[in-house]
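Numbering (the UniProt record's numbering), first residue to last: 1 to 627. Cβ atoms here follow ideal geometry from the backbone N, Cα and C, with glycine treated the same way. Being a predicted model, the structure only gives us computed values, none of them experimental.
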């Protein structure tokens with residue numbers, strides 16, 4: 001253990017560029033934003049006992065709105081220290097309450113959202129970095145926050161959010177006839193209810209489909225061991241992203257696919273991010289801005305503009321130092337140059353005042369719309385009045401013998417080297433905490449693995465089932481806590497029991513005297529529709545429906561989905577009728593050509609009606625299992 005800790009500490013103390021963490025923050029934040037935005041749209045379906053008619057005890061609308069705002073702050077990298085804590089608390093408030101709408105991504109996001117509280121994800125490409133620059137810079141010295149971080153910040157999220165998930169999952173898959181037969185990709189993609197795209201041309205390539213299943217098995221088996229070896233990381237990155245983009249295309253769980261893909265960005269070598277971004281940096285700036293070096297406001301403006309000038313299209317030069325070197329400015333007096341900010345374009349055009357800011361906005365991509373607004377009346381006149389007022393009122397700190405001493409700016413304290421004990425620094429405590437947490441996660445994920453089919457089968461063969469049962473039972477309470485706090489749980493995904501005996505697909509039609517409308521749950525082909533995505537797909541496919549249909553669960557699900565759809569589409573629940581139709585399908589035991597289309601071509605048969613009369617629900621359904 002001592003040798004392991006020493007290696008871990010060496011890894012922790014290795015500093016690398018932090019640009020990759022910023023890319024991860026933005027990518028992951030966008031995926032999380034999409035997940036919560038989808039949750040917001042379906043909030044009444046998810047949280048209300050009867051959507052819109054009987055609301056939940058807790059109003060989740062303001063909670064989700066706040067959460068969306070928090071995620072936007074996270075993406076922008078502003079107040080990150082606080083919003084990551086709020087983000088984690090909201091994760092616990094929502095994800096931990098899910099039962100029928102819980103799905104696999106919740107656990108990965110719980111773990112990642114916990115880690116975000118400790119990761120320096122706003123060190124680069126963030127508003128926090130700009131705020132730090134402004135706080136500690138002086139008139140003559142610009143503070144540049146560090147851009148390096150521990151490489152452990154790249155490893156831990158991949159290990160917790162992906163590696164342990166794969167490692168647990170493989171112990172389920174090695175005991176699965178589906179996966180051992182190479183059908184892990186082909187079978188779900190060949191069942192209409194488990195996909196929303198007809199991939200028959202790909203599925204008909206037998207050995208390609210089977211190889212994808214076997215690649216997934218091998219990949220999950222070796223991933224946790226190979227991510228520590230640098231020469232394998234590119235291969236792991238390519239295969240991992242490829243597999244999850246395949247999930248994005250084939251299965252109705254887009255945010256799961258993109259969420260894991262965002263974590264994979266951390267496998268990109270940290271130093272490569274800097275080289276990648278440099279490709280977009282202009283070697284020849286197209287705008288030179290001349291600013292008053294003795295004006296604190298002008299200096300702060302320079303810092304702000306350069307922070308957002310990611311492509312280096314703008315260069316700032318002090319009037320006092322450089323104006324006399326530019327012939328095109330010789331005809332402009334020093335007083336006028338100091339009064340109004342001037343700039344010189346790459347074609348020799350001279351701009352001043354608001355005109356300079358228009359040119360600046362045109363060179364910063366997300367401010368380009370503002371450059372148009374600033375030249376349109378009456379915004380042009382208003383902006384000129386505001387600029388004129390600020391130019392007259394700004395403070396200038398003119399250098400004289402009283403205030404021209406050398407400045408020593410205040411810089412943020414480095415707490416890492418503070419001694420807590422004679423042989424213990426803050427950095428040592430951080431290493432110990434991170435190491436212990438990592439070992440903790442490995443240990444309790446291993447405990448979860450005891451419940452996998454692979455371990456259960458092995459324990460039976462060597463007559464240790466009773467021992468396994470006792471060990472597993474002794475950790476039940478803490479396993480529940482770990483699942484809630486860190487997302488540590490079993491990962492049985494796309495297993496045999498999900499599909500065995502799943503021989504019916506149900507769809508819902510709204511009918512009235514004029515039209516018949518398919519609810520966007522299942523399409524007329526039997527494939528997943530817009531309501532049937534992410535946690536909605538898991539709820540409808542395995543909780544409302546399922547391999548063996550529970551008529552009570554089906555009735556409750558139809559109540560929720562029909563009520564939600566009706567209110568969204570202005571259908572009066574005082575008198576509404578829905579037709580339930582069923583399609584019989586087969587579950588294959590081996591690869592078969594055109595299997596998906598054969599199932600899609602099966603005929604729909606009537607399975608009953610559900611009614612809303614005076615906002616009361618009534619179901620008249622046949623026993624689905626007897627069809």
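Query raised in the report: How far does the beta strand (DSSP E) with residue 509 in it reach, from first residue to last?
Result: Along the chain shown, read from residue 1 onward, the residue named residue 509 stands at position 509. Where residue 509 is concerned, the enclosing beta strand (DSSP E) stretches over 504-511.
Query raised in the report: When DSSP labels each residue in this structure, what does residue 324 get in the three-state scheme?
Result: Reading the chain shown from its first residue, position 324 is the one you call residue 324. In this structure, residue 324 counts as helix in the three-state DSSP scheme.
Query raised in the report: Which term fits residue 491, buried or exposed, when burial requires 16 or more other beta carbons within 10 angstroms of its beta carbon?
Result: Your numbering for residue 491 matches position 491 in the chain shown. Burial call: buried.
Query raised in the report: In terms of residues, what are the limits of the alpha helix (DSSP H) holding residue 357?
Result: Residue mapping note: residue 357 aligns to position 357 of the chain shown, counting from 1. Run containing residue 357: 354-362, per the alpha helix (DSSP H) assignment.
Query raised in the report: Does the beta carbon of residue 138 sit closer than 8 Å to a beta carbon anywhere in chain C?
Result: The displayed structure is made up of one protein chain only, and chain C is not part of it.
Query raised in the report: Can you tell me whether residue 187 is buried or exposed, with buried defined as 16 or more other CB within 10 angstroms of its CB?
Result: Sequence index remark: in the chain shown, residue 187 carries index 187 (1-based). When all chains shown are included, residue 187 counts as buried.
Query - Span separating the alpha-carbon of residue 273 from that of residue 20 - result: As a first step, residue 273 is located in the chain shown; it is residue number 273 there, counting from the start. As a first step, residue 20 is located in the chain shown; it is residue number 20 there, counting from the start. Near 6 Å, if we compare the C-alpha coordinates of residue 20 and residue 273.
Report task. Would you mind stating whether residue 247 and residue 256 have Cβ atoms separated by less than 8 Å? Result -> Locating residue 247 in the chain shown gives position 247, where the first residue counts as 1. Locating residue 256 in the chain shown gives position 256, where the first residue counts as 1. Their beta carbons are under 8 Å apart, which means residue 247 touches residue 256 by this criterion.
Query - Buried versus exposed, by CB contacts within 10 Å (16 or more), residue 41 - result: Position 41 of the chain shown, counted from the start, is the residue given in the question as residue 41. By the neighbour-count rule (16 or more Cβ atoms within 10 Å), residue 41 is not buried but exposed.
Query raised in the report: What are the boundary residues of the alpha helix (DSSP H) that includes residue 637?
Result: Residue 637 lies beyond the range of the chain shown here (1 to 627); nothing can be said about it.
Query raised in the report: Considering residue 249, what are the terminal residues of the alpha helix (DSSP H) in which it resides?
Result: What you label residue 249 is simply residue 249 of the chain shown in a count that begins at 1. Its alpha helix (DSSP H) spans residues 230-250.
Query raised in the report: At which residues does the beta strand (DSSP E) containing residue 580 begin and terminate?
Result: The sequence position of residue 580 within the chain shown is 580, counting from 1. Unbroken beta strand (DSSP E) run through residue 580: 575-584.
Query raised in the report: Using DSSP with H/G/I as helix, E/B as strand and the rest coil, what is residue 609?
Result: For this step, residue 609 is matched to residue 609 along the chain shown. Correct three-state label for residue 609: strand.
Query - N-terminal and C-terminal residue of the alpha helix (DSSP H) that residue 536 is part of - result: In the chain shown, residue 536 corresponds to position 536, counting from 1. It spans 535-538 - the alpha helix (DSSP H) in which residue 536 sits, taken as one unbroken run.
Requested in this report: May I ask you to report which of helix, strand or coil DSSP gives residue 254?
Outcome: Against the chain shown, residue 254 aligns to sequence position 254. Helix, per DSSP.
**Report entry** Nearest candidate by alpha-carbon position, reference residue 212, set 229, 239 and 200
**Finding:** What you label residue 212 is simply residue 212 of the chain shown in a count that begins at 1. Here the closest residue by C-alpha is 239.
Query raised in the report: In the DSSP assignment, what residue or residues form a beta bridge with residue 621?
Result: The residue given as residue 621 occupies position 621 in the chain shown. Paired residue(s): 608.
Query raised in the report: Any idea if residue 560 is buried or exposed, counting beta-carbon neighbours within 10 angstroms, 16 or more meaning buried?
Result: One-based indexing of the chain shown puts residue 560 at position 560. The residue in question, residue 560, is buried, as its Cβ has 16 or more Cβ neighbours within 10 Å.
Report task. Check each candidate in 505, 573, 563 and 130 and name the one with the smallest Cα separation from residue 195. Result -> Numbered from 1 along the chain shown, position 195 holds the residue referred to as residue 195. Comparing Cα-Cα distances from residue 195 to each of 505, 573, 563 and 130, the minimum goes to 505.
Requested in this report: Name the one or two DSSP bridge partners that residue 344 has.
Outcome: As a first step, residue 344 is located in the chain shown; it is residue number 344 there, counting from the start. Per DSSP, 288 and 350.
Query - Residue range of the beta strand (DSSP E) that includes residue 127 - result: Within the chain shown, the letter at position 127 stands for residue 127. Per DSSP, residue 127 belongs to no beta strand (DSSP E); it is in the alpha helix (DSSP H), 127-136.
Query raised in the report: Thinking C-alpha only, which one of 594, 583 and 588 is nearest residue 625?
Result: Taking the chain shown and counting its residues from 1, one reaches residue 625 at position 625. The option with the nearest alpha carbon to residue 625 is 583.
Query raised in the report: Using the rule of at least 16 other Cβ atoms within 10 Å of the residue's Cβ for burial, across every protein chain shown, is residue 416 buried or exposed?
Result: Here residue 416 refers to the residue found at position 416 of the chain shown. Per the 10 Å Cβ criterion, exposed.
Query raised in the report: When we look at the beta-carbon of residue 527 and count the other beta-carbons within 10 Å, is it buried (16 or more) or exposed?
Result: To locate residue 527, count along the chain shown from 1; it is residue 527. Buried, by the Cβ-count rule.
**Report entry** Collapsed DSSP secondary structure at residue 43 in the structure displayed
**Finding:** Position 43 of the chain shown holds residue 43. Reduced to three states, the DSSP call for residue 43 is helix.
Requested in this report: Give the DSSP-derived three-state secondary structure of residue 149 in the structure shown.
Outcome: Reading the chain shown from its first residue, position 149 is the one you call residue 149. Reduced to three states, the DSSP call for residue 149 is strand.
Query raised in the report: For the alpha helix (DSSP H) that contains residue 271, what are its first and last residues?
Result: Along the chain shown, read from residue 1 onward, the residue named residue 271 stands at position 271. Run containing residue 271: 270-278, per the alpha helix (DSSP H) assignment.
Query raised in the report: Which two residues bound the contiguous alpha helix (DSSP H) that contains residue 181?
Result: If you number the chain shown from 1, residue 181 lands on position 181. First-last for residue 181: undefined, no H or E at that position.
Query - Neighbourhood of residue 96 by C-beta distance below 7 Å, restricted to the same chain and skipping five residues each side - result: Translated into positions along the chain shown, residue 96 becomes position 96. Cβ within range, chain order: 484.
Query raised in the report: When you compare only the Cα positions, how much space is there between residue 619 and residue 511?
Result: Counted from its first residue, the chain shown places residue 619 at position 619. Counted from its first residue, the chain shown places residue 511 at position 511. Approximately 15 Å, taken between the alpha carbons.
Query raised in the report: Going by Cα to Cα distance, which pick from 290, 84, 546 and 369 is closest to residue 332?
Result: Locating residue 332 in the chain shown gives position 332, where the first residue counts as 1. The shortest Cα separation from residue 332 among 290, 84, 546 and 369 belongs to 290.
Requested in this report: Report the residue from 151, 65 and 22 whose alpha carbon sits nearest the alpha carbon of residue 39.
Outcome: In the chain shown, residue 39 corresponds to position 39, counting from 1. Of 151, 65 and 22, the residue nearest in Cα terms is 65.
Query raised in the report: On the three-state DSSP scale, how would you describe residue 461?
Result: Counting from 1 along the chain shown, the entry for residue 461 is found at position 461. Here residue 461 sits in helix by DSSP.
Query - residue 412 in three-state terms, based on DSSP - result: Here the question's residue 412 lines up with position 412 in the chain shown. Residue state, collapsed to three classes: coil.
Query raised in the report: Which residues mark the beginning and the end of the beta strand (DSSP E) in which residue 316 is found?
Result: Position 316 of the chain shown holds residue 316. Residues 314-318.
Requested in this report: Under 8 Å by Cβ, that's how I've got residue 75 and residue 26 pegged, so tell me the actual separation to the nearest angstrom.
Outcome: Here the question's residue 75 lines up with position 75 in the chain shown. Here the question's residue 26 lines up with position 26 in the chain shown. Their Cβ separation, rounded to whole angstroms, is 6 Å, which keeps residue 75 and residue 26 in contact under 8 Å.
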